[in-house]
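Offset between the sequence shown (1-based) and the working numbering: plus 6. Ideal Cβ placement from N, Cα and C applies to all residues, glycine included. Here's the structure we're looking at; comments come further down.
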Amino acid sequence: MKRLLAFMGSPRFGGNTDIYLKEVLSAAEANGASIEKINLYGIDITPCIECGGCDLTGVCVLNDDMRDIYRKLDEANVIIVASPVFFYNVSSRTQALVERSQALWIRKYVLKKRLANPHRRGIFVSIGATKGKKLFDGVLMVMKYFFDAIDCPFERAFLYRKIEKKGEIRQRKEVLEEARVLGMRLAKNEDLSELGVETP
Numbered sequence: 007m008k009r010l011l012a013f014m015g016s017p018r019f020g021g022n023t024d025i026y027l028k029e030v031l032s033a034a035e036a037n038g039a040s041i042e043k044i045n046l047y048g049i050d051i052t053p054c055i056e057c058g059g060c061d062l063t064g065v066c067v068l069n070d071d072m073r074d075i076y077r078k079l080d081e082a083n084v085i086i087v088a089s090p091v092f093f094y095n096v097s098s099r100t101q102a103l104v105e106r107s108q109a110l111w112i113r114k115y116v117l118k119k120r121l122a123n124p125h126r127r128g129i130f131v132s133i134g135a136t137k138g139k140k141l142f143d144g145v146l147m148v149m150k151y152f153f154d155a156i157d158c159p160f161e162r163a164f165l166y167r168k169i170e171k172k173g174e175i176r177q178r179k180e181v182l183e184e185a186r187v188l189g190m191r192l193a194k195n196e197d198l199s200e201l202g203v204e205t206p
């Protein structure tokens, strides 16, 4: 059974990012996957404070909800991060998740400890209000290095422009259908090359 771990990085519960992610996870669960969704704005997670506490062990010394998340990141077969675009970056809580992956970067690159299961899939979902050509350049770069730090191949990104008002995504039937297909294919470990966009 595939284990999907999804991070909802929007502060607007029931908004477009949340709606999209629910479609993905519902389809994945219907096709046999075990799913867990973590609302980053509903947990206690602080940004990295660059204290150096993880430098020798690869273990973060901060005591908050991230402690459980480290274990879940290691155990998941599929990791999905979903965040709206805020000033050409991910949301602040998503950024905190990224920063706290520093401990895992230490584990991988300094301590040379790799995960036993390299066959994992990293997926990023982002929704933005405007239509600019470079709208997703910043968030894609952030996600590239996040997935690298947590030792999970960044396989595919799903990027949607011109969706702003709360619930507006419901009018984009083709977007929600792609979300359902994504969930189904992840659960079945199927190819995604016809969906989304290539990662940097």
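Quick one: residues in its chain with C-beta nearer than 8 angstroms to the C-beta of residue i, no 5 flanking neighbours on either side, listed in chain order?
i: R120; result: K114 and D157
i: L182; result: I25, Y26, E29, I175 and R176
i: D50; result: D70 and D71
i: V145; result: S89, V91, Y94, N95, V96, F130 and S132
Would you report the Cα separation of residue i and residue j, rounded to the nearest angstrom?
i: R162; j: G202; result: 6 angstroms
i: D143; j: Y94; result: 8 angstroms
i: T136; j: P17; result: 19 angstroms
i: S98; j: S32; result: 26 angstroms
i: D71; j: P53; result: 12 angstroms
i: A185; j: F160; result: 17 angstroms
i: A82; j: I55; result: 26 angstroms
i: A155; j: I44; result: 19 angstroms
i: D61; j: K171; result: 43 angstroms
i: T63; j: T205; result: 30 angstroms
i: I75; j: Y151; result: 18 angstroms
i: Q108; j: R77; result: 15 angstroms
i: R73; j: G48; result: 15 angstroms
i: G138; j: D197; result: 29 angstroms
Please check the pair residue i and residue j, which I expect to be a contact at CB under 8 angstroms, by giving their CB distance rounded to whole angstroms.
i: V84; j: L10; result: 5 angstroms
i: A12; j: A88; result: 7 angstroms
i: V65; j: G134; result: Going by Cβ atoms, the distance from V65 to G134 rounds to 35 angstroms, so no, they are not a contact pair.
i: L141; j: T100; result: Between T100 and L141 the Cβ distance is about 16 angstroms, and since that is not below 8 angstroms, they are no contact.
By a C-beta neighbour count over all protein chains shown, 10 Å radius and 16 as the cutoff for buried, is residue i buried or exposed?
i: M149; result: buried
i: M147; result: exposed
i: T23; result: buried
i: G21; result: buried
i: S199; result: exposed
i: F153; result: buried
i: G173; result: exposed
i: F130; result: buried
i: G128; result: buried
i: G15; result: buried
Under 8 angstroms, Cβ to Cβ, is there at least one residue of chain B near residue i?
i: E180; result: Of the protein chains in the structure, only one exists, and it is not chain B.
Ordered along the chain, which non-local residues of its own chain (more than five positions away) have a Cβ less than 6 angstroms from that of residue i?
i: G59; result: V67
i: L79; result: I156
i: L117; result: G64
i: S40; result: M7 and R9
i: L110; result: A155 and I156
i: E42; result: L11
Spatial neighbours of residue i within its chain, please: C-beta separation below 7 angstroms, excluding the five flanking residues on both sides.
i: N195; result: K8
Open item on the list: Measuring CB atoms only, is the segment 124–132 touching the segment 174–181, in the sense that at least three cross pairs come out at less than 8 angstroms?
Closed with: no
Open item on the list: Using a Cβ distance threshold of 8 angstroms, determine whether the segment 103–111 contacts the segment 166–175, with at least three qualifying pairs required.
Closed with: For the pair of segments examined, the segment 103–111 was found not to touch the segment 166–175: the number of CB pairs separated by less than 8 angstroms stays below three.
TODO: Could you say if the segment 185–192 and the segment 22–42 meet the contact criterion of at least three C-beta pairs nearer than 8 angstroms?
DONE: Note that the segment 185–192 touches the segment 22–42; at least 3 beta-carbon pairs, one per stretch, sit closer than 8 angstroms.
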